[in-house]
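Sequence lines, in order, name chains C and H. At position 152 of the first sequence (counting the first as 1) the number is 132 in the working numbering, and the numbers step up by one without a gap. In the working numbering, each residue carries its 1-based index in the second sequence increased by 1160. Here's the structure we're looking at; comments come further down.
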Amino acid sequence: MRIEIAGENALILYFGEETDPRVSAQVQRAVAETEARLGSAVIDLVPSYASLLVIYDPLQLDHLQVKRLLSDLGNSDEDEEVSEGSLIKLPVWYSSESGPDLDALAERAGMSVSDVIDLHASTEYRVYAIGFAPGFAYLGQVDERIAAPRLSTPRQVVPRGSVAIADRQTAIYPAASPGGWNLIGRCPTRMFNPEADPCMPVQVGDRVSFEPIDKERYLELGGEL
Amino acid sequence: MSGLNVLQPGLMTLITDLGRFGHHRIGLTTGGPLDPFAFRWANRLLGNDDNATALEVSIGGLVIEAQVDTWVAFTGGEMPLKIGGEEVDGWTAHPVKAGQRIEAGFSKCGARGYLAVSGGFDIAPMFDSSATVQREKLGGLNGQKLQAGDLLPCAPAANAGGFTLPKQYRPDYASKAPLRVILGYQQDAFSEVQKQIFFTSTYKISDRADRMGYRMEGPAISPSINGILSEGICLGAIQVPADGQPIVLLNDRQTIGGYPKIGSLFSGDTARLAQMLPGTEVTFEPYTQAEAHNQLLLQKRFNDNIEPIKVTA
Chain C
-19 MRIEIAGENA LILYFGEETD PRVSAQVQRA VAETEARLGS AVIDLVPSYA SLLVIYDPLQ
41 LDHLQVKRLL SDLGNSDEDE EVSEGSLIKL PVWYSSESGP DLDALAERAG MSVSDVIDLH
101 ASTEYRVYAI GFAPGFAYLG QVDERIAAPR LSTPRQVVPR GSVAIADRQT AIYPAASPGG
161 WNLIGRCPTR MFNPEADPCM PVQVGDRVSF EPIDKERYLE LGGEL
Chain H
1161 MSGLNVLQPG LMTLITDLGR FGHHRIGLTT GGPLDPFAFR WANRLLGNDD NATALEVSIG
1221 GLVIEAQVDT WVAFTGGEMP LKIGGEEVDG WTAHPVKAGQ RIEAGFSKCG ARGYLAVSGG
1281 FDIAPMFDSS ATVQREKLGG LNGQKLQAGD LLPCAPAANA GGFTLPKQYR PDYASKAPLR
1341 VILGYQQDAF SEVQKQIFFT STYKISDRAD RMGYRMEGPA ISPSINGILS EGICLGAIQV
1401 PADGQPIVLL NDRQTIGGYP KIGSLFSGDT ARLAQMLPGT EVTFEPYTQA EAHNQLLLQK
1461 RFNDNIEPIK VTA
């Protein structure tokens, strides 16, 4: 594990260089350890794919103390098991109507639309990070065969619930927003609801799988058109 | 419900407390005052809690009408202030009577002003904070900037009293002092030559400057890497996208991102930068985390020791 300065009251801990469930599990353990060791001095934590940003109260601790308190994180036994977060099943209505980039993505991949859907829905994903917008969960890894680069011109508005692919990541837009990912379907489950508790169905470290549904079922489950 | 009635909202006026902390993990940014020093003083001049809900007025143009007798204080940028039609001083608590108008004109210097009221505005917190973040539709009255007709709820406080901050302690928003940068994150991906370009050039604040970040225009700097695995972004982080024009990320920044970063601005200087308008020229200088830490402690001790002067009605 490597520690770098991020800002006047922030250090960033790097546990690896690429998307890897074992590295992600180390990040998850480091979140819990950091909270335990720094206690009330933690202002905020940002776990991501392979790093943990630690923002601390500089009136309680300084960077030297924080570094000393966290320097042995990630040195635990490498054979330690990857923690299995909860498995969350999310329904998706895959179609060119709900996913305007589905046809182009299939053509690019040189396979049928139904094969693209099968590949996307048969993979179990891990929540590597949450960010970009409230409740936007980055899920990985998408099968290489259906990975696709971001659109050259992002859309002004991507509808809430859109299921999308960018490179080897997939995600569900928690709210209508601009976006450049390839849209392949819609999920009726609210990914971020400030009034609900918990406000998100998933957290970093959880596993997600998708279940194909048709338009009728999508509407029954509360999906919007 | 009683309070202050918004007649003209100004260019962008936001209801805010000190910000939303502890929720980065679900993608929520902090929001909060771009210039927390001025924000804290607005509350302190009224004897409020530091985190009491107040208004951030960008550029100016705010007109509100009191429905209650209370006290208010305005700090930050030099926006010509009037209460009941009479010109009044900034950085000073003033009594307001029900029916009187409070006006903050367009700023002569400093882009952000803060208007606090005795006891703070009574706004239900979302995720532990009243801070409005428009991008997330969270905080404030409905996640948006003030609109004409909004009512800012607050209790009457006719005898609250307050303080004035002596002139010598008020910040100089016209200061040309370099902005201090703590090197960090992917700084190793920027060669010595690239760092020299960054620290010896003058940059202009572009028109693309908002609460998410201030984009700079000037000599391009290029790191040896194009992108990184997305990672957490702290306040003041300076990211360098492919066009080489640095962006200083501020309170409403995305919580994670994949552009290389050369380091982060010292918080005293994110506040100064956010007080500047597009077109202003700035320079950067290197600063260490240890210097920043010392400066924060000295600043706190200095501020704590200032005794504002009591104002009587």
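The C-beta atom is built at its ideal place from N, Cα and C for all residues, glycine as well.
Next on the checklist: Given this structure, state the Cα-to-Cα distance separating Leu50(C) from Ala30(C), to the nearest angstrom.
Outcome noted: Within the first sequence, residue 50(C) is the residue found at index 70, counting from 1. Within the first sequence, residue 30(C) is the residue found at index 50, counting from 1. Using only the alpha carbons, I get a separation of about 16 Å.
Checklist entry - How would you write the range of the alpha helix (DSSP H) that Lys47(C) sits in, first residue to last? => result As a working note, residue 47(C) is residue 67 in the first sequence. Unbroken alpha helix (DSSP H) run through Lys47(C): His43 to Leu50.
Checklist entry - So, is Phe1462(H) buried or exposed, given that buried needs 16 or more other C-beta atoms within 10 angstroms? => result Mapped onto the second sequence, residue 1462(H) falls at position 302. Exposed is the call here.
Item to check | Beta-carbon proximity check, Arg1261(H) vs Glu1238(H), cutoff 8 Å | outcome: Against the second sequence, residue 1261(H) aligns to sequence position 101. Against the second sequence, residue 1238(H) aligns to sequence position 78. No; because the gap between Cβ atoms is not below 8 Å, this pair is not in contact.
Checklist entry - Are the C-beta of Ser75(C) and some C-beta of chain H separated by less than 8 Å? => result In the first sequence, residue 75(C) corresponds to position 95, counting from 1. So, not an interface residue.
Checklist entry - Could you give the uninterrupted runs of the beta strand (DSSP E) lying entirely in the stretch 1276 to 1326 of chain H, keeping only those of 3 residues or more? => result 1311 to 1313 and 1322 to 1324
Checklist entry - Thinking C-beta only, is Leu1410(H) closer than 8 Å to Leu1215(H)? => result To locate residue 1215(H), count along the second sequence from 1; it is residue 55. To locate residue 1410(H), count along the second sequence from 1; it is residue 250. Not a contact, by the Cβ cut-off of 8 Å.
Item to check | Host beta strand (DSSP E) of Lys1242(H) (start-end) | outcome: By 1-based counting over the second sequence, the position of residue 1242(H) is 82. Residues Leu1241 to Ile1243.
Checklist entry - In chain C, which residues lie with their C-beta within 7 Å of the C-beta of Leu1395(H)? => result Taking the second sequence and counting its residues from 1, the one referred to as residue 1395(H) is at position 235. Within 7 Å Cβ-Cβ: Gly(-13).
Item to check | 9 Å Cβ cut-off: residues of chain C touching Thr1213(H) | outcome: Mapped onto the second sequence, residue 1213(H) falls at position 53. In chain order: nothing, as chain C lies at least about 18 Å away.
Next on the checklist: To test your reading of the DSSP string, which unbroken beta strand (DSSP E) runs of 3 or more residues are found completely within the stretch -16 to 55 of chain C?
Outcome noted: -10 to -6, 22 to 27 and 31 to 36
Next on the checklist: If we define contact as Cβ-Cβ less than 8 Å, is Cys167(C) a contact residue for chain H?
Outcome noted: Taking the first residue of the first sequence as position 1, residue 167(C) is located at position 187. With 8 Å as the cut-off, Cys167(C) does not count as an interface residue toward chain H.
Item to check | 8 Å Cβ cutoff, Phe112(C) in contact with chain H | outcome: As a first step, residue 112(C) is located in the first sequence; it is residue number 132 there, counting from the start. By this cut-off, Phe112(C) is an interface position.
Checklist entry - Mind checking if Thr1415(H) is an interface residue toward chain C, Cβ cutoff 8 Å exclusive? => result Within the second sequence, numbered from 1, the residue matching residue 1415(H) stands at position 255. Thr1415(H) counts as touching chain C.
Checklist entry - Which of the three DSSP states, helix, strand or coil, is assigned to Thr150(C)? => result To locate residue 150(C), count along the first sequence from 1; it is residue 170. DSSP places Thr150(C) in strand when its eight states are reduced to three.
Checklist entry - Helix or strand or just coil, what does DSSP make of Asn162(C)? => result Locating residue 162(C) in the first sequence gives position 182, where the first residue counts as 1. Three-state DSSP puts Asn162(C) in a strand.
Item to check | Closest by C-alpha distance to His1453(H), when choosing among Tyr118(C), Arg130(C) and Gln40(C) | outcome: As a working note, residue 1453(H) is residue 293 in the second sequence. Answer by Cα proximity: Gln40(C).
Next on the checklist: Between the alpha carbons of Leu163(C) and Met180(C), how many angstroms are there, rounded?
Outcome noted: For the purposes of this step, residue 163(C) is taken as the residue at position 183 of the first sequence. For the purposes of this step, residue 180(C) is taken as the residue at position 200 of the first sequence. Cα to Cα, the separation comes out at about 21 Å.
Next on the checklist: Relative to the C-alpha of Asn1309(H), which candidate in Gly1163(H), Pro1446(H) and Gly1344(H) has its C-alpha closest?
Outcome noted: As a first step, residue 1309(H) must be located in the second sequence, where it is residue number 149. The residue you asked about is not Asn; residue 1309(H) is Gly in the sequence shown. When only C-alpha atoms are compared, the closest one is Gly1163(H).
Next on the checklist: Can you give me the C-alpha to C-alpha distance between Thr1362(H) and Pro1420(H), rounded to a whole angstrom?
Outcome noted: For the purposes of this step, residue 1362(H) is taken as the residue at position 202 of the second sequence. For the purposes of this step, residue 1420(H) is taken as the residue at position 260 of the second sequence. C-alpha separation (whole angstroms): 21 Å.
Item to check | Per DSSP, the bridge partner or partners of Val1256(H) | outcome: The count along the second sequence starts at 1 and reaches residue 1256(H) at position 96. According to DSSP, which records beta bridges pairwise, Val1256(H) is partnered with Thr1230(H).
Next on the checklist: Give me the chain H residues within the contact set of Met180(C), using Cβ-Cβ distance strictly less than 7 Å, ordered along the chain.
Outcome noted: Here residue 180(C) refers to the residue found at position 200 when the first sequence is read from its first residue. Residues of chain H passing the Cβ test: Ile1186.
Checklist entry - To the nearest angstrom, how far is it from the Cα of Leu(-7)(C) to the Cα of Val34(C)? => result By 1-based counting over the first sequence, the position of residue -7(C) is 13. By 1-based counting over the first sequence, the position of residue 34(C) is 54. Answer to the nearest angstrom: the Cα atoms are 8 Å apart.
Item to check | Delimiting residues of the beta strand (DSSP E) encompassing Phe1444(H) | outcome: Looking up residue 1444(H) in the second sequence gives position 284. Segment Phe1444 to Tyr1447, the beta strand (DSSP E) holding Phe1444(H).
Next on the checklist: So if I threshold CB-CB distances at 8 Å, which residues from the stretch 1330 to 1343 of chain H count as touching chain C?
Outcome noted: Ile1342 and Leu1343
Next on the checklist: My output table needs one value for Lys1470(H): the three-state DSSP class, helix, strand or coil.
Outcome noted: Along the second sequence, read from residue 1 onward, the residue named residue 1470(H) stands at position 310. In this structure, Lys1470(H) counts as strand in the three-state DSSP scheme.
Checklist entry - Along the chain, where does the beta strand (DSSP E) that runs through Gln136(C) open and close? => result Along the first sequence, read from residue 1 onward, the residue named residue 136(C) stands at position 156. Gln136(C) -> beta strand (DSSP E) spans Arg135 to Val138.
Item to check | For Thr1443(H) and Arg88(C), the rounded distance between their alpha carbons | outcome: Position 108 of the first sequence, counted from the first residue, corresponds to residue 88(C). Position 283 of the second sequence, counted from the first residue, corresponds to residue 1443(H). Distance between the alpha carbons of Arg88(C) and Thr1443(H): 47 Å.
Item to check | Residue burial classification, Ser66(C) (beta-carbon count within 10 angstroms, cutoff 16) | outcome: In the first sequence, the residue the question calls residue 66(C) occupies position 86. Exposed, by the Cβ-count rule.
Item to check | Exposure of Gln1435(H), with buried meaning 16 or more beta-carbon neighbours within 10 Å | outcome: Walking along the second sequence from the start, residue 1435(H) turns up at place 275. By the neighbour-count rule (16 or more Cβ atoms within 10 Å), Gln1435(H) is buried.
Checklist entry - By Cβ distance below 8 Å, which residues in the same chain neighbour Tyr1447(H) in space, the five residues on each side in sequence not counted? => result If you number the second sequence from 1, residue 1447(H) lands on position 287. Contacts found: Arg1340, Val1341, Ile1342 and Phe1426.
Item to check | Pairwise C-alpha distance: Pro80(C) and Asn1203(H) | outcome: Looking up residue 1203(H) in the second sequence gives position 43. Looking up residue 80(C) in the first sequence gives position 100. Cα to Cα, the separation comes out at about 51 Å.
Item to check | Cβ of Met1239(H) within 8 Å of any chain C Cβ | outcome: Here residue 1239(H) refers to the residue found at position 79 of the second sequence. So, not an interface residue.
Item to check | Nearest residue (CA-CA) to Gly1250(H), options Lys1242(H), Lys1257(H), Thr1213(H) and Thr1235(H) | outcome: Your numbering for residue 1250(H) matches position 90 in the second sequence. Selected option, being the one with the closest Cα: Thr1235(H).
Next on the checklist: Counting only beta-carbon separations shorter than 8 Å, does Gln1449(H) have a partner in chain C?
Outcome noted: The residue given as residue 1449(H) occupies position 289 in the second sequence. It does; some Cβ of chain C falls within 8 Å.
Item to check | Selected residue, minimal CA-CA separation from Thr133(C), among Ala117(C), Phe112(C) and Gly159(C) | outcome: For the purposes of this step, residue 133(C) is identified with residue 153 of the first sequence, where counting begins at 1. The shortest Cα separation from Thr133(C) among Ala117(C), Phe112(C) and Gly159(C) belongs to Gly159(C).
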